[in-house]
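Reading through the structure tokens given below for one structure.
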Amino acid sequence: MNLKLLFFASLREQFGFSQKEIALSRTVKSPEEFLLIMSKESGGEWINLFNNKKLYKVAINKDLASWSHLIVEGDELAIFPPITGG
Amino acid sequence: MTIIIQENVFSISKIISELSKKDNVGAVVSFSGYVREFSKEKKLKFMEIEHYPGMTEKSLESIEKKARNQWDVNETIIVHRVGKLLPKDIIVGVIVSSKHRTNAFKACEFIIDFLKTDAPFWKKEISDEDKVWVSERQEDIKKKTNWNKLD
Numbered sequence: 001m002n003l004k005l006l007f008f009a010s011l012r013e014q015f016g017f018s019q020k021e022i023a024l025s026r027t028v029k030s031p032e033e034f035l036l037i038m039s040k041e042s043g044g045e046w047i048n049l050f051n052n053k054k055l056y057k058v059a060i061n062k063d064l065a066s067w068s069h070l071i072v073e074g075d076e077l078a079i080f081p082p083i084t085g086g
Numbered sequence: 001m002t003i004i005i006q007e008n009v010f011s012i013s014k015i016i017s018e019l020s021k022k023d024n025v026g027a028v029v030s031f032s033g034y035v036r037e038f039s040k041e042k043k044l045k046f047m048e049i050e051h052y053p054g055m056t057e058k059s060l061e062s063i064e065k066k067a068r069n070q071w072d073v074n075e076t077i078i079v080h081r082v083g084k085l086l087p088k089d090i091i092v093g094v095i096v097s098s099k100h101r102t103n104a105f106k107a108c109e110f111i112i113d114f115l116k117t118d119a120p121f122w123k124k125e126i127s128d129e130d131k132v133w134v135s136e137r138q139e140d141i142k143k144k145t146n147w148n149k150l151d
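Protein chains in written order, with this note's numbering: chain A, 1 to 86; chain B, 1 to 151.
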């Protein structure tokens with residue numbers, strides 16, 4: 001399964017990239033499951049992110065979504081800290 | 001509806017003046033937000049604002065549409081700066097025109113309240129001591145929740 005992943009603000013700094021095409025070895029159904037797989041396969045920062053996901057927001061194809069929202073092949077997934085504009 | 005995301009400084013008074021000259025405008029209400037020179041007693045050197053291109057515009061369009069569905073407004077202009085900003089710089093402007101004042105007041109407040117929590121911007125404050133990503137304010141979440149209660 002292929003996904004486009006974007007990080008912003010503190011997460012971009014922690015992970016050292018702002019966007020990446022991710023090719024998963026299996027299909028995932030939600031952002032939560034995506035993080036679970038990444039934490040199992042890549043460890044490190046991904047484990048922290050999975051454990052602390054409630055502190056972060058997720059957007060699917062540029063719309064705010066929940067961690068359990070359905071994702072499909074080719075979706076754009078963005079993960080970021082709470083918004084602080086204005 | 002006009003949504004502008006830009007690095008450059010803008011003049012809120014110029015936008016108000018231009019809107020006021022349009023047909024059938026009885027009221028123009030504006031909100032402008034500025035960079036404070038102190039944050040938690042630390043003197044700010046500058047601020048950096050990051051955003052999510054594409055989602056920013058999409059979320060602001062959706063917020064504007066919700067405001068327009070509730071209040072009879074003529075025009076709305078939302079300008080938000082990104083990049084490096086200095087203390088006292090303008091960050092954001094929300095300008096709404098309508099025939100009568102109440103609609104413009106309400107729509108302007110609604111737009112800035114939802115922009116604060118739903119439009120993907122992030123502020124980083126740089127002082128002599130450190131560089132800190134700004135945390136969300138409970139007050140902002142409360143303000144949005146209060147609007148939802150009115151739905």
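Ideal Cβ positions, reconstructed from N, Cα and C, are used throughout, including at glycine.
Asked, Found
"Contact residues within the stretch 37-67 of chain B, judged by C-beta distance below 8 Å to chain A", "I49, E50, H51, Y52, G54, M55, K58 and S59"
"K22 (chain B) versus B:G93, B:V73, B:D128 and B:K124, residue with shortest Cα-Cα distance", "B:V73"
"Candidates B:K106, B:H80 and B:L85, of which the one nearest W71 (chain B) by Cα", "B:K106"
"Identity of the residue in B:N148, B:S98, B:N24 and B:E139 nearest S30 (chain B) by Cα", "B:S98"
"Members of the stretch 119-135 of chain B that neighbour chain A once the beta carbon cut-off is set at 8 Å", "A119, P120, F121, W122, K123, K124, W133, V134 and S135"
"DSSP state of M47 (chain B) mapped onto helix, strand, coil", "strand"
"Within chain B, the residues that I83 (chain A) reaches when beta carbons sit closer than 8 Å", "K116, T117, D118, A119, P120, F121, W122 and E136"
"Validate contact between the stretch 59-73 of chain A and the stretch 40-49 of chain A using beta carbons, cut 8 Å, 3 pairs", "no"
"Beta-carbon gap between I112 (chain B) and H51 (chain B) smaller than 9 Å", "no"
"Chain A contact for V9 (chain B) (CB, 9 Å cutoff)", "no"
"Min CB distance L35 (chain A) to chain B below 9 Å", "no"
"Bridge partners - Q6 (chain B), DSSP secondary structure assignment", "B:R81"
"Own chain, CB closer than 7 Å to I3 (chain B), minus 5 neighbours either side, in chain order", "E57, L60, E61 and I78"
"F17 (chain A) classed as buried or exposed, judged by whether at least 16 other C-beta atoms fall within 10 angstroms", "exposed"
"Residue-level contact to chain B via CB, K4 (chain A), 9 Å cutoff", "no"
"Option in B:K144, B:T102 and B:R36 with minimal Cα separation from V92 (chain B)", "B:R36"
"Interface positions of the stretch 92-106 of chain B facing chain A (Cβ-Cβ less than 8 Å), listed along the chain", "V92"
"Buried versus exposed call for F38 (chain B) [16 or more other C-beta atoms within 10 Å across all chains shown]", "exposed"
"Cβ of I112 (chain B) within 9 Å of any chain A Cβ", "yes"
"Where G83 (chain B) meets chain A, residues with beta-carbon distance less than 8 Å", "The contacting residues do not exist; G83 (chain B) stays about 13 Å from chain A at best."
"is_contact[A65 (chain A), chain B] using C-beta, thresh 9 Å", "no"
"Identity of the residues DSSP links to N69 (chain B) by a beta bridge", "Answer is none; N69 (chain B) lacks a bridge partner."
"Short Cβ contact (9 Å threshold) for A67 (chain B) with I83 (chain A)", "no"
"Whether K4 (chain A) touches K20 (chain A) by CB criterion (9 Å)", "yes"
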